[in-house]
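Here's the structure we're looking at; comments come further down.
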Amino acid sequence: AARAAVERAEERLWTLGVAPEALAGARTADPGAPTTAPLGPAPAVPLDTEQRRWIADRVTDADLPPVPEAPDGAETVTSADLRVAGVTLSPGLHAEMALLGDRL
2 AARAAVERAE ERLWTLGVAP EALAGARTAD PGAPTTAPLG PAPAVPLDTE
52 QRRWIADRVT DADLPPVPEA PDGAETVTSA DLRVAGVTLS PGLHAEMALL
102 GDRL
């Protein structure tokens, strides 16, 4: 039953435009092998205006994550935090962080 559900999900993603190679890469070769979460982001599914409208008509506030609190002026990040997040600083921001003691 689980395999059929996965195959139906793959078929739906393929219909939406996800490349078959991206779907095949997510499967394990050995059915008895432990499954792990993919290391990369989920494949992007191209949507046209009609599909976006269809989704928007069905999403409710209960489907959305809670809104995080707005940051206050006391919160800062270090250059290490930004590197881990994959953020590349412009030379100006890099200089500003150096002047602020590696905090932004």
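Sequential numbering from 2 applies to the sequence shown in my numbering.
Note that CB positions come from ideal geometry on N, CA and C, so glycine has one too.
Fair warning: this is a prediction, and the values are worked out from it, not measured in the lab.
- ARG104 has THR79 as its beta-bridge partners, per DSSP.
- A straight-line Cα-Cα distance of about 19 Å links ASP103 and PRO72.
- Collapsing the DSSP output to three states places PRO66 in coil.
- Inter-residue distance for LEU17 and GLU70 is about 35 Å (C-alpha atoms, whole angstroms).
- 8 Å or more divides the Cβ of PRO44 from the Cβ of ALA10.
- For ASP58, the uninterrupted alpha helix (DSSP H) segment begins and ends at 50-59.
- A straight line joining the alpha-carbon of GLU12 with that of ALA20 spans about 11 Å.
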